[in-house]
Every structure is written in C-alpha cells, then in structure tokens.
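Residue numbers (the numbering used here), protein chains in the order written: chain D, -11 to 219; chain U, -11 to 219. Ideal Cβ positions, reconstructed from N, Cα and C, are used throughout, including at glycine. Here the structure comes first, spelled out in structure tokens, and everything after it is commentary.
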DNA sequence: ACAATTTTCAAATGATTTTTTTAAAAACGC
DNA sequence: GCGTTTTTAAAAAAATCATTTGAAAATTGT
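Written out as structure tokens, the structure reads:
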C-alpha cells in the first residue's frame, strides 16, 4: 500500500523546523523535544522519520545546502571582476539578512558548526563548498592581478568572507534590540552589501603589492606558503 | 583568623581554567566537572568558592575583560589616525592569535556569547566595551573625514571588527589541520594584522563619499539613521 | 465500509550527565 | 595544638533528553 501523503508533510515540516533550531542553537543545544514541539509533532516523530538526532542534523544540513546552491547566481565570466564580486557579496548578504524563507540558514548553521564543530558534516561541506571558494579566489585574482602572492589572495578572501559572516552573529542581538522583525529590509541589506563591496575592492587593490617573497625570514615550513586554505 | 593563601590559589586556578573551558565550549556546554578536573580541584570547589556555575561564568568574564583592558595600549592621539588604526588592529589580532597566556580569551568568549547568548554578562559588556568602540569610531572618523555619514563610519567599524573576529572562528579548525600548536607565530599574526590594516584603510577611504542623505527613500524610522550601534 | 498500512500519540524508559550538598578529613596559620 | 579554612569522596538531588513502546487514530486502496 502507498505511503500516506500527510506523512511526508510532517517529515518536511520537521526538517524545516530542524533547520531553524539547529541554526539558532547548534547541534548540541538543539533538542528533539523542541524541534518536535515547534513542528507541532510528537516527540517520537524524529525517531520515526529520521532514526535519530544525528541523522536529522545531517538531513537538515543537506537540505540547507541544496537550497543554498539551488538559488545560486553564477555571475557571467564576461563581466568585469569587480561586478562579479559585487554580485557575489550582495547575494551572500541578502541570503543572510533578508527573510526569504530559510535561505539564510546555511551561513548560520555553518557558523555554529565552526564555533562548535560536530564533525558530522565535514565531507558534505567540503564537497559542496570548495568550488564556491575557488570561484571567489578567482574573482579576487582577476582584480588583484597576477603579481600578488597566493597568500595575499587568500587573505583578501578571508577579509570578505569574515565581513559578511560577522553579520550573522550580530544580526540576532542587533535586530532584537531594534524591535520585532527578525530580518533587515532589502534596502538595508543592499546598503550593507554595497558597503562591503566598495570597501573590499579598494582593499584588494591596496594590498596587491604583497608579492610572494615578502617576509622571507619569517617563513616556517619552507613550502613558500604562509597560509593554507581551510574553512 | 586570616584566610589561608592556598585557598585563593585554588580559586584563581579555577577561574583561569574556567576561562579556558568557557572560551572553548560556551556556557552551557562547559561543565563544572571538567573545569574542576582541569584545575586539579574537587568538584565541590566551584560551589565552595563561587556559589554556582553562573557566578563562576560572570567572574570568568570579568577577569577576561580586565586582562583584556589592562593590556591595552592606547595609541597617542598625536599619531596619524592610520597609525592608530594599525596599532589597534595589531593589538586585537595578536591577542586573538598569539599565545600570550589567556589574553585571547576575551574575543573567543565574546564570540560564544554572541553565537549563544546567556544574557548573564550584558551589563558588564556594555559598561566595559562601549568606550573602546567609541575610540575605534573616532579613529575611523579621523581617517574618513567629516563629510561621511555616521552610518558609513559604523559600517567601517563593523567591517574591521568582523575581519578580526572571523579569525577566532577559523583559528581552531585551521590550526588543528596544520598541526599541534594552538596559536600562530607572531610573524604570521603580524602578516594578518598588516593585511587587515592596509585593506581597511583603503576601504575606509573608498567609502568616504557615502553622505548621510544617501538612500533617503528607503529610510525607515525617520531618525536619519539606518543603523544603530549595538554589539 | 473494511482491512491493511501508515502515522500519531502519551507515557514511560533508560541512560547519562551535571549541579549541588554533606559531613568528615586534611591542611594551614598562629 | 587549636581554631579555622580548605579539600575531599561520596552521594543526593535535579535536570535533561533521546529513544522506545504499544495502543489509538487516520488514511489509503479496494
């Protein structure tokens, strides 16, 4: 006999709420009890549909990633790199700060995972995010020119990512104190994104003189790289 | 009769370890059991000296803040603002990334508190950090000139803080993958700080054209400010 | 309408963990 | 050595939480 359709509805509701709660509290502080309560389901529902909490977490991550990637705009390679950077930054900021149904979760769950790693989604993360990081590095390289060291490009990427990422943290406390709404207006997000864009383009150009042979005496491992890419 | 001096030693050890553990795990995931174990004290010690876990947390925060502030170098007002910014950034990054006995805790505990607020130290935080924020805003104002809007100054401050703050997050996972040492060398931290400084000075100058009457149509509250200062 | 199956539910289980207390023993200052 | 402070082991108490269970309810296909 076929499955009932209210079943998958509950399952989906559970998954959506799980994204909420994991994004808010991280894996360990999120409880099945709360997830079920907020989903209007019985405590047993998670175990019925997902087996256990860990599997629910992985499923929530997967859904969040898929939403994140599916809404992705890849700026055409023909555009000048400054424009491509602008598009990328606006995109990140909007997803984080503007309420358009759960698309901001990715960055927030990522952050919780960074702050308190569970290790449950490392493989998933690497597979899906590595290409995106390369894309950003490529844009920066195009702006900065071939003369700059790879270290410098990575530092620029980190500066940009960190600028955006920071808003995830302050979002909650900032906005709560302003009043009800959990998200910024599109105009406010635009203002922030535009700021980060201009700030960063100028920043990139200003540090472009950092060639690879900078600071030779302090080099450690002898492989010519001071920093390696990680998360 | 006078108090025994081994008593305050234990108390101090407890407090130091508490900073470690709260910085690593945040309030809720830190346990008294672990703190006492790592301090080489009995489980009952925390309750004996501090009463309960919450009081220990507040005490740990207070100590961390005081260490943070006591080591503070206030760059002389005579210096050009670019130099003062450089000093401030180097200072933050060194405290976060270089191992000089627990001075980096402040930023890490702050981060945990931001990611998962307990609300226990809000007042403390506001009282001690607000002046420092003002200092940074003043430096930026000096660089950017009187023409720029207050919003723009705040956005610049946020860009700088966020660039620094991000390294707290990636520090752990980054460095673990590189091998044992929990901290960067001073030279690596210098490189990062110098990058952030140049990047940001250029950034500030690039956005200095953002006057207050930008984006009037999207203004919300009518108080002329798009953003208010928070954490 | 009925049987088969899926889903929901309340209650309880079980396990683990963690804070807090207690009362006695040890260590210290004088 | 005396009085006090500190430490200790053990256990009590409290608080969670994930998970299970078995029965009830709801849905589906016939």
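Scanning chain D for C-beta atoms nearer than 7 Å to the C-beta of residue 195(U) yields 183, 186 and 187, reported in chain order.
At a cut-off of 8 Å between beta-carbon atoms, residue 150(U) makes contact with chain D.
In the DSSP assignment, residue 130(U) falls within the alpha helix (DSSP H) that extends over 110 to 132.
Fewer than three Cβ pairs drawn from the region 51 to 70 of chain D and the region 134 to 141 of chain D lie within less than 8 Å of each other, which leaves the two stretches out of contact. With a minimum length of 4 residues, the unbroken runs of alpha helix (DSSP H) contained wholly in the region 26 to 53 of chain D fall at 32 to 38. Two segments are said to touch when three or more pairs of C-beta atoms, one from each, lie closer than 8 Å; by this definition the region 22 to 42 of chain U does not touch the region 75 to 84 of chain U. Residue environment for residue 182(U): buried (at least 16 other C-beta atoms within 10 angstroms of its C-beta). The C-beta of residue 77(U) comes no closer than 8 Å to any C-beta of chain D.
Of the candidates 0(D), 145(D) and 106(D), 145(D) places its Cα closest to the Cα of residue 123(D). For residue 180(U), the nearest beta carbon of chain D is closer than 8 Å to its own beta carbon. Nearest CB-CB separation between residue 100(D) and chain U: below the 8 Å threshold. Contact with chain U is found for residue 13(D), since one of that chain's Cβ atoms lies less than 8 Å from the residue's Cβ. Under the three-state reduction of DSSP, residue 69(U) is assigned to helix. Take the alpha-carbon of residue 179(U) and the one of residue 106(D): they are about 31 Å apart. Annotation for residue 62(D): no alpha helix (DSSP H) segment contains it, and DSSP assigns it neither H nor E. Sequence-ordered contacts of the region 5 to 37 of chain D with chain U read 13, 14, 16 and 17 [C-beta pairs closer than 8 Å]. Under the criterion of beta carbons closer than 8 Å, residue 14(D) and residue 104(U) qualify as touching, at roughly 7 Å.
The three-state secondary structure of residue -9(D), taken from DSSP, is coil.
The shortest C-alpha to C-alpha distance from residue 81(U) to any of 194(U), 185(U), 193(U) and 195(U) is the one to 185(U).
Residue environment analysis places residue 118(U) among the exposed positions, since fewer than 16 neighbouring C-beta atoms fall within 10 angstroms of its C-beta. Distance from the Cα of residue 45(U) is smallest, within the candidate group 5(U), -4(U) and -6(U), for 5(U).
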